[in-house]
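Numbering (the numbering used here), first residue to last: 403 to 800. From the three backbone atoms N, C-alpha and C, an ideal C-beta is built for every residue, glycine too.
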């Protein structure tokens with residue numbers, strides 16, 4: 403198999419999705435998402451724009467938008483999935499149009515550097531023997547002279563990621579490996595992302611050491627893919643956009659039953675089993691709640707018995723009950739609005755390391771040993787709480 407960044411990313415996202423698409427070659431029953439469709443239309447429009455630039459043909463912004471809208475109308479299908487049901491086809495078309503208008507305004511007349519390739523296919527060799535190879539397509543490859551190359555990539559993501567995220571991104575860095583190998587004059591390669599939704603350009607450069615580390619990491623990933631036996635599904639927030647949900651163990655029963663008429667839905671054996679389980683689980687919760695309530699009542703009675711009789715152990719038929727009662731300090735928990743004040747005092751008292759992320763239980767245990775000045779500051783955040791426990795021990799156990 404010839405690998406690509408997208409194929410390997412698919413494996414990491416969900417091994418089963420990778421298997422369905424690239425090993426089993428299953429053709430999805432559902433079409434692409436509207437987000438993917440819009441991204442494709444925007445990419446195709448920018449591809450034409452730069453091809454025309456290469457042939458010294460200038461497009462006005464309205465000519466570019468006209469091409470985009472014509473392409474959208476010709477390619478659109480009602481089978482394209484819109485996951486965000488509160489939006490319509492027209493909303494996404496307008497989004498793509500705005501992306502293009504903003505891009506045109508920012509980069510016109512598109513003459514910064516020499517165009518080396520548009521949608522340029524490249525092969526990336528990860529080892530000298532040629533055993534590990536990837537292929538990819540560069541949206542636009544530019545040369546600005548003196549060995550400077552630029553790899554441009556258009557993104558139609560709704561959100562613009564942080565730079566730290568892009569520093570870990572592998573796709574353009576892999577392309578940089580290929581450019582350095584294929585072009586002898588390449589001294590430096592800039593990785594440039596165009597996030598069209600925010601009209602943002604982000605530029606990153608990679609060191610030779612970083613590229614070498616990436617090369618080794620990708621070889622390990624390919625080895626992992628080729629040694630994989632199970633290809634388990636990996637549920638995530640991205641499942642809603644997956645085209646294989648109708649055959650995925652996580653989703654196929656939901657897909658099968660979601661559009662059934664109410665009577666047919668209730669007749670489904672899986673639905674019936676889940677409903678019975680929920681009913682029994684609810685009954686269990688009520689029983690546990692009632693039992694816990696009774697346990698607390700009996701516990702309270704045992705404590706009062708021990709106090710009245712001045713004993714700490716009480717004999718039963720098969721068990722001996724031993725009680726433990728202590729008044730302990732109680733400090734604001736993680737969700738308490740006074741937690742910030744508590745954190746400040748602990749840090750100022752150089753106790754943060756000892757308490758490890760402010761363990762209030764541990765703090766209550768060492769409170770009596772704290773320096774007086776710190777204990778005084780904590781006093782307003784402290785309240786006393788009685789802890790009562792009962793331990794059961796079998797009579798014949800030691």
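Residue 799 (DSSP reduced to helix, strand or coil)
On the chain shown, residue 799 is found 397 positions in, with the first residue counted as 1. At residue 799 the pLDDT is 46, less than 50, meaning the model places this residue with poor confidence; the figure from the coordinates comes in the next sentence. Coil at residue 799, not helix or strand.
Taking 8 angstroms as the cut-off, decide whether the C-beta atoms of residue 730 and residue 787 are in contact.
Along the chain shown, read from residue 1 onward, the residue named residue 730 stands at position 328. Along the chain shown, read from residue 1 onward, the residue named residue 787 stands at position 385. Closer than 8 angstroms, so yes.
Answer yes or no: do residue 469 and residue 512 have a C-beta to C-beta separation smaller than 8 angstroms?
Position 67 of the chain shown holds residue 469. Position 110 of the chain shown holds residue 512. Result no, Cβ atoms of residue 469 and residue 512 do not sit closer than 8 angstroms.
When you compare only the Cα positions, how much space is there between residue 597 and residue 567?
The residue you call residue 597 lines up with position 195 of the chain shown. The residue you call residue 567 lines up with position 165 of the chain shown. Rounded to the nearest angstrom, the two C-alpha atoms are 13 angstroms apart.
By a C-beta neighbour count over all protein chains shown, 10 Å radius and 16 as the cutoff for buried, is residue 593 buried or exposed?
The count along the chain shown starts at 1 and reaches residue 593 at position 191. Buried.
When you compare each of 562, 653, 623, 638 to residue 603 by their alpha carbons, which one comes out closest?
For this step, residue 603 is matched to residue 201 along the chain shown. It is 562.
Quick check: what's the CA-CA separation for residue 733 versus residue 763?
Sequence index remark: in the chain shown, residue 733 carries index 331 (1-based). Sequence index remark: in the chain shown, residue 763 carries index 361 (1-based). Rounded to whole angstroms, residue 733 to residue 763 spans 8 angstroms at the Cα level.
Hey, residue 585 and residue 524: beta-carbon distance below 8 angstroms or not?
Within the chain shown, numbered from 1, the residue matching residue 585 stands at position 183. Within the chain shown, numbered from 1, the residue matching residue 524 stands at position 122. For residue 585 and residue 524, no; Cβs fall outside 8 angstroms.
Nearest by alpha-carbon distance to residue 574: which of 542, 550, 634 is it?
Counting from 1 along the chain shown, the entry for residue 574 is found at position 172. Nearest C-alpha to residue 574: 542.
How is residue 761 classed by DSSP in three states: helix, strand or coil?
Reading the chain shown from its first residue, position 359 is the one you call residue 761. Reduced to three states, the DSSP call for residue 761 is coil.
Quick one: what's got a C-beta closer than 8 angstroms to residue 800's C-beta in the same chain, skipping five residues either side?
On the chain shown, residue 800 is found 398 positions in, with the first residue counted as 1. Any reading at residue 800 must be qualified, since the residue scores a pLDDT of 40, below 50, and its modelled position is unreliable; the value itself is stated next. Cβ within range, chain order: n/a, list empty.
Where residue 597 sits in the DSSP three-state scheme:
Looking up residue 597 in the chain shown gives position 195. Three-state result, residue 597: strand.
So the candidates are 625, 741, 785, 751; which of them puts its Cα closest to the Cα of residue 775?
Taking the first residue of the chain shown as 1, we reach residue 775 at position 373. Nearest of 625, 741, 785, 751 to residue 775, Cα basis: 751.
Closest by CA to residue 808, which one among 434, 435, 433, 462?
Residue 808 is absent from the structure shown; the chain starts at 403 and stops at 800.
The alpha helix (DSSP H) that contains residue 503, what's its start and end?
Here the question's residue 503 lines up with position 101 in the chain shown. 491-509 is the span of the alpha helix (DSSP H), which, as asked, contains residue 503.
How is the alpha helix (DSSP H) around residue 747 delimited, first residue to last?
Here residue 747 is taken as the residue at index 345 of the chain shown, counted from 1. Counting along the chain, the alpha helix (DSSP H) containing residue 747 begins and ends at 741-750.
Whose C-beta lies closer than 8 angstroms to the C-beta of residue 516 among residues of the same chain, with five residues either side of it excluded?
Mapped onto the chain shown, residue 516 falls at position 114. Once the five neighbours on either side are set aside, the close Cβ partners of residue 516 are 544, 545, 546, 547.
When we look at the beta-carbon of residue 744 and count the other beta-carbons within 10 Å, is it buried (16 or more) or exposed?
As a first step, residue 744 is located in the chain shown; it is residue number 342 there, counting from the start. Buried: at least 16 other Cβ atoms inside 10 Å.
DSSP on residue 718, reduced to helix/strand/coil?
The count along the chain shown starts at 1 and reaches residue 718 at position 316. Here residue 718 sits in coil by DSSP.
Out of 518, 777, 455, point me to the one whose CA is closest to residue 549's CA.
Counted from its first residue, the chain shown places residue 549 at position 147. Closest by alpha carbon: 518.
Out of curiosity, what's the CA-to-CA distance linking residue 483 and residue 416?
Here residue 483 is taken as the residue at index 81 of the chain shown, counted from 1. Here residue 416 is taken as the residue at index 14 of the chain shown, counted from 1. If I take the Cα positions, the gap works out to 20 angstroms.
Tell whether a beta-carbon distance below 8 angstroms holds between residue 616 and residue 572.
Looking up residue 616 in the chain shown gives position 214. Looking up residue 572 in the chain shown gives position 170. Closer than 8 angstroms, so yes.
I think residue 485 touches residue 435, with their Cβ atoms under 8 angstroms apart; what is that distance to the nearest whole Å?
Counting from 1 along the chain shown, the entry for residue 485 is found at position 83. Counting from 1 along the chain shown, the entry for residue 435 is found at position 33. With 8 angstroms as the limit, residue 485 and residue 435 qualify as a contact, their Cβ atoms being about 6 angstroms apart.
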